[in-house]
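To start, the structure under review is shown below, and the notes come after it.
Number of protein chains: 2
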Amino acid sequence: MDTSSKMSKPASAKPTKKEHPQTEGRRERNKREKVARITAAARTLFYIKGYTETTTQEVAEAADIGAGTLFLYAKSKEDLLILVFKDEMSQLIEEVYGTIRKKAPLLQQTESLFDGFVEYHRRDVVIARALIRELSFSGNSGRRKDVLKIPEAIVEKLVHFVSAARARGDIRADIDPVEAARCLFAIYYQQLQTWLGNYVSHSAFKQNMHVLLKFVVDGMSVDDERKPEPSQNQRMSQTRKK
Amino acid sequence: MDTSSKMSKPASAKPTKKEHPQTEGRRERNKREKVARITAAARTLFYIKGYTETTTQEVAEAADIGAGTLFLYAKSKEDLLILVFKDEMSQLIEEVYGTIRKKAPLLQQTESLFDGFVEYHRRDVVIARALIRELSFSGNSGRRKDVLKIPEAIVEKLVHFVSAARARGDIRADIDPVEAARCLFAIYYQQLQTWLGNYVSHSAFKQNMHVLLKFVVDGMSVDDERKPEPSQNQRMSQTRKK
DNA sequence: ACTCATTTATGAGTAGCGTCATATATTCCG
DNA sequence: CGGAATATATGACGCTACTCATAAATGAGT
Chain Z
6 MDTSSKMSKP ASAKPTKKEH PQTEGRRERN KREKVARITA AARTLFYIKG YTETTTQEVA
66 EAADIGAGTL FLYAKSKEDL LILVFKDEMS QLIEEVYGTI RKKAPLLQQT ESLFDGFVEY
126 HRRDVVIARA LIRELSFSGN SGRRKDVLKI PEAIVEKLVH FVSAARARGD IRADIDPVEA
186 ARCLFAIYYQ QLQTWLGNYV SHSAFKQNMH VLLKFVVDGM SVDDERKPEP SQNQRMSQTR
246 KK
Chain S
6 MDTSSKMSKP ASAKPTKKEH PQTEGRRERN KREKVARITA AARTLFYIKG YTETTTQEVA
66 EAADIGAGTL FLYAKSKEDL LILVFKDEMS QLIEEVYGTI RKKAPLLQQT ESLFDGFVEY
126 HRRDVVIARA LIRELSFSGN SGRRKDVLKI PEAIVEKLVH FVSAARARGD IRADIDPVEA
186 ARCLFAIYYQ QLQTWLGNYV SHSAFKQNMH VLLKFVVDGM SVDDERKPEP SQNQRMSQTR
246 KK
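One line per chain: the protein sequences are Z and S, in this order.
The first sequence begins at 6 in our numbering and counts up one residue at a time.
The second sequence begins at 6 in our numbering and counts up one residue at a time.
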C-alpha cells in the first residue's frame, strides 16, 4: 500500500457514511503509527549498528511487527533508508540554508551550503555511503518522488544564491540561474561520491570540490579579470580587459 | 586472490634460487587461465541473463570451477562486474576518442565523446546500472586502481580537447585544462546517473547534459559575447521523466 | 624420491532478504 | 447483527551471496 497517500484528515467525529475519505479512522491511523514505529526503529538501529549490520528481522522486532509485515511498508531494505532519511535531509537543507549570509559572495554561499551537507555526512560516513548507493537507482515509482525532492530542494537554494548574485551584478546578466545551480550541484554530487566511495580522502575531496566550484563561478563572473592563481604575493595589478 | 600478487618472496635475506620471472611456472599460468575463464563466463552470462539474474553458482559452473573458488578471484559478485568491464571500458574510451574530429569545436568534441559512452550503455542499461552502482564504492584496495583508471582515462581525453581549444584561442588562455576536464566529467557522470537511476528519460538526460555542458564551455569562452539565445527555444530545461 | 610449508580448490553450511499462502482484522451493507 | 468483501499481518520458506574447515596441489630443500 502506498504509505504516502494523502487523506490525512483525522477530523474524526462526523460519522459520515461513505465517500468521505477524511475520516478514514482506525485503519489509517494504525498505518501511520506503524510507519512511525518502523522509521524510528530503523533509524535507531542504523545509527547503532550500521546499515548492513542491521537485519530486517531486527528492525521488524524493534518495531514490534512481523518479519513479513515490514515489507508492506518498505518494499526493500533500501527503501528503509529512504524512509528514514528523506525527512532528515529536507530538514538539514533548510537548516543549513538558514545559517548562510544572504549577502555573501556566490562561491562562498555555495561552499557553505555544501559544507553543511558534508559535515552531516561525516558524522556517519557508512550510512552516507549506503544512502548514496541506494539513491543511484529508483526502481520504485513511489519512492522516486521522495528521492527527487532532495536534489530539487538543494538546487532551489542554489537558484536563490545565483539569482541574488546576478541581481547584485556579481555575475553576468545572461546567466540562467537554474542552469548554474544544476551545474554546481552536479559538481557537488559527483565529487561527494569520490569521497564517500573511498576514492579520495576527505581533504582531497574538499580541495577538489573547491577548485571545480570556483572554476564554474569564475566562468560566470561579469568581467574576465583572470586572477592567475591566488598564489602568494599576488599582484592584481592589471585588470586586464578583453 | 589479488591478481596483482606481490612476489611470493618471503623477504628472506637470501635470494636463494634463481627466479623465473618469465616463466613463473604452472601456478601462475593456471591462475591466469582461470581468471580468463571466469571473466569470459561472467561476461557471457551477464549479457544473456542479466546481472542480477545470473548467480555466482552459474558463473562458477560455466567457468568449470568450484562455487567457492570463484571468490578467490573475485571478492564479491560486484567484483565480477569490474573484472569483466574494466578492459571493455578502456577499449571503448580509446575507440570513441579515435572517431572524434580533432579540429571540431570543444563542445562538440566533448559531447561526441560522452555520446559514444551513452550509446554503449544504452545497449544494456541494466548492466550499466549495476556497474554504476558498484562503482559507487570501492572497499577493495585492489580494485580501486582499476576503477580509477576509467574516469582518469576519460579526463585525459578531455584534457586534450581543452588544451587544443585553448591553443586555438577558442577559450581563454588562463583556463586550466585539467580543471575544465574534471568539471565536464563531473557533469557527465552526475547526469548519467540521473538517467541510469531511472529518474529522467533518455531524451531528457541528453537535453539536460547538453545544456549544462554548454553552460560550462560558454563560461570558458574567450569573449563574453552575450548569449543571445536567439529564439524561443523550447523551455524544456526542466523536462522530467514521465 | 621424500618431506613439508605454503598456496589454491572445494562444496557443504550459514545468514539474511524478500515472497507467499494463510490467518486475522476492518469495513461494508443488507 | 451477520456475513461477505476487502485490507492487513504473519512467519515459515526459498533463494543466493558468501564463508570456512578441509583437502589437494605445488615446488623448494634435502
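Using N, Cα and C, we set each Cβ at its ideal position, and we do this for glycine too.
Handout entry: Cα-Cα separation, residue 74(Z) to residue 61(Z)
Key = 11 Å
Exercise for the section: Could you work out which residues of chain S lie near residue 189(Z), taking near to mean beta carbons separated by less than 8 Å? Expected result: What residue 189(Z) touches in chain S: nothing, since even the nearest Cβ is about 10 Å away.
Practice task
Look up residue 226(S) in the DSSP assignment and say whether it is helix, strand or coil.
Solution key: strand
Practice task
Report yes or no: do the segment 195 to 209 of chain S and the segment 95 to 113 of chain S share at least 3 C-beta pairs separated by less than 8 Å?
Solution key: no
Exercise for the section: Compute the beta-carbon to beta-carbon distance between residue 44(S) and residue 51(S), rounded to the nearest angstrom, for a pair I have assumed lies under 8 Å. Expected result: Not confirmed; about 11 Å, so no contact.
Practice task
Please list the partners that residue 141(S) has in chain Z, where partner means a Cβ-to-Cβ separation under 7 Å.
Solution key: 137, 138, 141, 198 and 202
Practice task
Determine the direct distance from the alpha carbon of residue 202(S) to that of residue 177(Z), and round the result to whole angstroms.
Solution key: 34 Å
Handout entry: Distance CB(residue 248(Z))-CB(residue 143(Z)) smaller than 8 Å
Key = Missing from the structure shown is residue 248(Z); chain Z here goes from 6 to 247 and no further.
Exercise for the section: Go to residue 93(Z), then tell me how far its alpha helix (DSSP H) extends in each direction, as first and last residue. Expected result: 82 to 103
Exercise for the section: Please decide whether residue 212(Z) counts as near chain S, where near means a Cβ-Cβ distance under 8 Å. Expected result: no
Practice task
Determine whether the Cβ of residue 224(Z) lies closer than 8 Å to any Cβ atom of chain S.
Solution key: yes
Handout entry: Rounded distance between the beta-carbons of residue 83(Z) and residue 139(Z), thought under 8 Å
Key = 4 Å
Problem - Interface partners of residue 46(Z) on chain S, CB under 9 Å - result: Those within 9 Å of residue 46(Z) in chain S number zero; the least Cβ separation is about 26 Å.
Exercise for the section: Please confirm whether residue 180(S) and residue 160(S) have their CB atoms less than 8 Å apart. Expected result: no
Practice task
Buried or exposed for residue 128(S), please, with buried defined as at least 16 other CB atoms from any protein chain shown within 10 angstroms of its CB.
Solution key: exposed
Exercise for the section: Flag residue 153(Z) as yes if its beta-carbon sits less than 8 Å from any beta-carbon of chain S, otherwise no. Expected result: yes
Problem - CB contact below 8 Å: residue 115(S) versus chain Z - result: no
Practice task
Establish whether the CB of residue 192(Z) and some CB of chain S are separated by less than 8 Å.
Solution key: yes
Practice task
Spell out the partners DSSP gives residue 176(S) in its beta bridges.
Solution key: 226(S)
Practice task
Give the single residue among 36(S), 39(S) and 200(S) whose Cα lies nearest to the Cα of residue 130(S).
Solution key: 200(S)
Practice task
Note down, in chain order, each residue of its chain lying with its Cβ closer than 7 Å to the Cβ of residue 78(Z), except the 5 sequence neighbours on either side.
Solution key: 8, 39, 40 and 43
Practice task
For chain Z, find out if any of its Cβ atoms is closer than 8 Å to the Cβ of residue 167(S); answer yes or no.
Solution key: no
Exercise for the section: Following the continuous alpha helix (DSSP H) through residue 1(Z), name the residue where it begins and the one where it ends. Expected result: This structure does not reach residue 1(Z), given that chain Z is present from 6 up to 247, and the question cannot be answered.
Exercise for the section: Starting from residue 184(Z), find everything on chain S with Cβ-Cβ shorter than 8 Å and list it in chain order. Expected result: 216, 217, 220 and 242
Practice task
Less than 8 Å between the CB atoms is what I'm expecting for residue 218(S) and residue 116(S), so what's the real figure, rounded?
Solution key: 6 Å
Problem - Coil, strand or helix - residue 157(S) by DSSP - result: helix
Handout entry: Euclidean distance between Cα positions of residue 81(S) and residue 87(S)
Key = 10 Å
Problem - Beta-carbon neighbours of residue 96(Z), restricted to chain S and to distances below 8 Å - result: The premise fails here: residue 96(Z) is roughly 22 Å from chain S at the closest Cβ pair, so nothing lies under 8 Å.
Problem - For residue 213(S) and residue 118(S), the rounded distance between their alpha carbons - result: 16 Å
Exercise for the section: Using a cut-off of 7 Å between C-beta atoms, extract the partners of residue 134(S) located in chain Z. Expected result: 142
Problem - Beta-carbon proximity of residue 2(S) to residue 190(S), cut-off 8 Å - result: This structure cannot speak to residue 2(S), because chain S is shown only from 6 to 247.
Exercise for the section: Buried or exposed for residue 195(S), please, with buried defined as at least 16 other CB atoms from any protein chain shown within 10 angstroms of its CB. Expected result: buried
Exercise for the section: Please list, in chain order, all residues of the same chain as residue 114(S) whose beta carbon is under 7 Å from its beta carbon, the five residues on each side excluded. Expected result: 105 and 166
Problem - Close beta carbons around residue 64(S), own chain, < 8 Å, minus the five adjacent residues each side - result: 43, 46, 47, 50, 75 and 85
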